[in-house]
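In my numbering, the protein residues as written are 43 to 254. Glycine included, every Cβ here is placed at the ideal spot set by N, Cα and C.
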């Protein structure tokens, strides 16, 4: 941003101890490493669920990736309840998906980052105690976004950040916001990808997040 840009930082209504944030940097969710990431992600989800049973959301970059992880999790841990977002869900289907998140329930809902369940969803208390985000959420590379990157790069510099990185991290933060909805909520957020450990990404996290 220009050096004379005005900033206003508003204090968050939540406390660091409400959300345990963990970065799993040894797993890459880049497309080239996607197949190799399936088993580690399944084991991460299963281990977290075994240690702290409850309701979780798991966010992925696409329906294909979501399905690959969900299928492997179901094969390895058939007793672990899971339910999935599917393409083109109507309102009744979306409501049925959310209805699975009952107080003191147990299971994992699989969803696409930036989709219907990544924002505007209110699951307070034990209806949701944690989330996994297995993607940095970068927008698709296409001619429109590339033109956007070039234009902003000429105007402000760091065109990639404006066109791809900032929108991606914003979606991650919005999805993470499903976990803590009030001052009595407690939960865990697991960020899965080595890029989450990069300083330029971490500096965009909310100030009240405390990394474990």
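Do residue j and residue i count as a contact pair if the criterion is CB distance below 7 Å?
| i | j | result |
| --- | --- | --- |
| residue 176 | residue 124 | no |
| residue 266 | residue 100 | Residue 266 is absent from the structure shown; the chain starts at 43 and stops at 254. |
| residue 63 | residue 207 | no |
| residue 243 | residue 174 | no |
| residue 170 | residue 143 | yes |
| residue 119 | residue 81 | no |
| residue 164 | residue 223 | yes |
| residue 141 | residue 126 | no |
| residue 30 | residue 161 | With the chain running from 43 to 254 in the structure shown, residue 30 is simply not present. |
| residue 148 | residue 95 | yes |
| residue 230 | residue 167 | no |
| residue 240 | residue 70 | no |
Look up residue i in the DSSP assignment and say whether it is helix, strand or coil.
| i | result |
| --- | --- |
| residue 155 | coil |
| residue 178 | coil |
| residue 219 | coil |
| residue 224 | coil |
| residue 253 | strand |
| residue 48 | coil |
| residue 162 | coil |
| residue 239 | helix |
| residue 200 | coil |
| residue 54 | coil |
Can you pull the DSSP bridge partners for residue i?
| i | result |
| --- | --- |
| residue 64 | 232 |
| residue 149 | 97 |
| residue 172 | 98 and 230 |
Quiz prompt | Contact between the segment 175-192 and the segment 203-215 (3+ Cβ pairs under 8 Å) | solution = The segment 175-192 is in contact with the segment 203-215.
Quiz item: Where are the beta strand (DSSP E) runs, 3 residues long or more, that stay fully inside the segment 66-142, in chain order?
Solution: Within the segment 66-142, the runs of beta strand (DSSP E) that reach at least 3 residues and sit entirely inside it are, in chain order, 97-102 and 124-126.
Quiz item: Counting Cβ pairs, one atom from each stretch, are 3 or more of them under 8 Å apart for the segment 185-195 and the segment 127-137?
Solution: Output reads no: the segment 127-137 does not touch the segment 185-195.
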